[in-house]
Each structure stands twice: as C-alpha cells, then as structure tokens.
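Novice:
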Amino acid sequence: MPEQRSLIVGSLLGDGTMWRGKKGRNANYKIEQGLAQKEYVFWKYEILKPLVLTEPKLSYRYDVNRQKYPKSWGFRTVRHPLLTEIYDLWYTRNDGHRNGRKVVPKTIGGDLTPLALAVWIMDDGSYSNGTISISTYSFELSEINRLQHVVAQRYGVTFLAHRDRDKGYRMFCNKTQTQIVAKIITPYIIPTMLYKIGFKTP
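First residue of the sequence shown? That's 994 in our numbering, and the numbers climb one at a time after it.
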C-alpha cells in the first residue's frame, strides 16, 4: 500500500479528510474537489480503487430558485484498518486525545515521499511569477515549521512561511527552490495539473 499511503498523506496535507466517528472501529478517507478537477479526482480513484466500492460521483447544490446545479466531484473509501492507522496519526492531539482537526504528525518525515509532495502541491499549491506557494491555513505554525524542517532535510528545499492576513499561513519558496521542487515532483504530476508547477497544460 505504499502508493496509496503516499497519496492519502499528500491529500491530508491538502484537501483530503478522514472520518471514524465516536464509536467507529475503522476510518475511511474522503475527497471532494471542484468540477475542473474531475480528471484529478479520477486519478486518485484509480490508485485507491481497491479501497473504493463506487467510482467518483457528482455532488449538487441548489440555487435560490431551487434549481439543481453540479458542485463537485468526489468519492469515499470503505472503512479499513490500514486507514485507521493513518487516521490515528493525523487526528490525535499531542495529549493522546482524538481531534476533529487534522494535525501534522511527528512521523511526517517518513511519509512525505515525492508522490505525497506532488499530491500536496496538486491539492493546495499554486504557481505565480516563477514560484510555488502552498496554502497551509488549516495548520498551526508549529506544524508548518515541522513541514519546513522535513522538506529541507529530505529534499534540501527551503520553504518559508508568511501570514496571509487572517486566513493563516502560506508556505512558499523562491524561484531557484521552485525549480528543485518541480524536478522532484514532475514525474507524479498529471497533465491537467502541470500548471501548478509552471508548465502549460496540454
């Protein structure tokens, strides 16, 4: 399950969520993304297919006139012990209690593979003026510092962090560091997401 684990870890750094419930024995994983990311959602689905019973589906909303319109694509996995292992790392506070908020685990260094890094950037990264930045609004500064340390140790890449008004913190790197990141993750970036690292989508 190395590929599946890397995808889930990268997605948990981004848009992915997991759920166990108060009395749930095992956890599942859920992803939901905008209409423009349909191919990306199906790519994730193909990797996680052994853990999924039904392929991605459209979700709908209703406007003020009660007219239905498509909102997003998404899917969820079955509940599985291997997912519970990941869940317990990402949804447990330092004091050992379960937490409704995702936390960056201390074990992230062993899990932030090139594929996980690619998924993280495909989920929450953006590219502008030759540089990559990543939305890390849901994480505390101490967790962002942990991510900075891991990326520097594992890949020799320096990410900085700045506060984006009242939203939280964003991580970013300069043009030189961006080129290093792009070289590491390009083999894992699907064609429709190449714009995230500064390349034109075919």
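For each residue, glycine too, the CB sits at the ideal point set by N, CA and C.
Leaving aside the five residues before and after VAL1045 along the sequence, list all residues of the same chain whose C-beta is less than 8 Å from its C-beta, in chain order.
Specialist: Cβ neighbours of VAL1045 beyond the five flanking positions: TYR1038, PHE1068, ARG1069, THR1070, VAL1071.
Novice: Helix, strand or coil for THR1100 per DSSP?
Specialist: It is coil, neither helix nor strand.
Novice: By Cβ distance, which residues of its chain are closer than 7 Å to VAL984, with the 5 residues on each side in sequence left out?
Specialist: The question about residue 984 has no answer, for the chain in this structure spans 994 to 1195.
Novice: With 16 as the cutoff for other CB atoms within 10 Å, does ASP1008 come out buried or exposed?
Specialist: Buried, because 16 or more other Cβ atoms sit within 10 Å of the Cβ of ASP1008.
Novice: Should LEU1140 be labelled buried (16 or more other beta-carbon atoms within 10 Å of its own) or exposed?
Specialist: Buried, because 16 or more other Cβ atoms sit within 10 Å of the Cβ of LEU1140.
Novice: Thinking C-alpha only, which one of TRP1066, SER1119, LYS1160 is nearest ALA1029?
Specialist: It is TRP1066.
Novice: Is SER999 helix, strand or coil by DSSP?
Specialist: Of the three classes helix, strand and coil, the one that applies to SER999 here is helix, per DSSP.
Novice: Could you pull out every residue in the same chain whose Cβ sits closer than 6 Å to the Cβ of LEU1108, ignoring the five residues on either side in sequence?
Specialist: For LEU1108, where only same-chain residues beyond five positions count, the Cβ hits under 6 Å are SER999, TYR1181.
Novice: For SER1128, collect the residues of the same chain with a Cβ closer than 7 Å to its Cβ; drop the 5 residues on either side in sequence, then sort them by chain order.
Specialist: These residues qualify, in order along the chain: ASP1117, ARG1163.
Novice: Measure from the alpha carbon of PRO1043 to the alpha carbon of each residue in LEU1076, TRP1012, LYS1064, then state which is nearest.
Specialist: The shortest C-alpha separation from PRO1043 is found at LEU1076.
Novice: For LEU1041, which residues of its own chain have a beta-carbon under 7 Å away from its beta-carbon, when the five flanking residues on both sides are left out?
Specialist: Answer for LEU1041: GLN997, LEU1000, THR1070, listed in chain order.
Novice: Give me the Cβ distance between TRP1113 and GLY1003, rounded to the nearest whole Å; I'm assuming they're in contact under 8 Å.
Specialist: Going by Cβ atoms, the distance from TRP1113 to GLY1003 rounds to 4 Å, so yes, they are a contact pair.
Novice: Could you tell me the distance, in whole angstroms, from the CA atom of ILE1024 to the CA atom of THR1185?
Specialist: When rounded, the distance between both Cα atoms is 18 Å.
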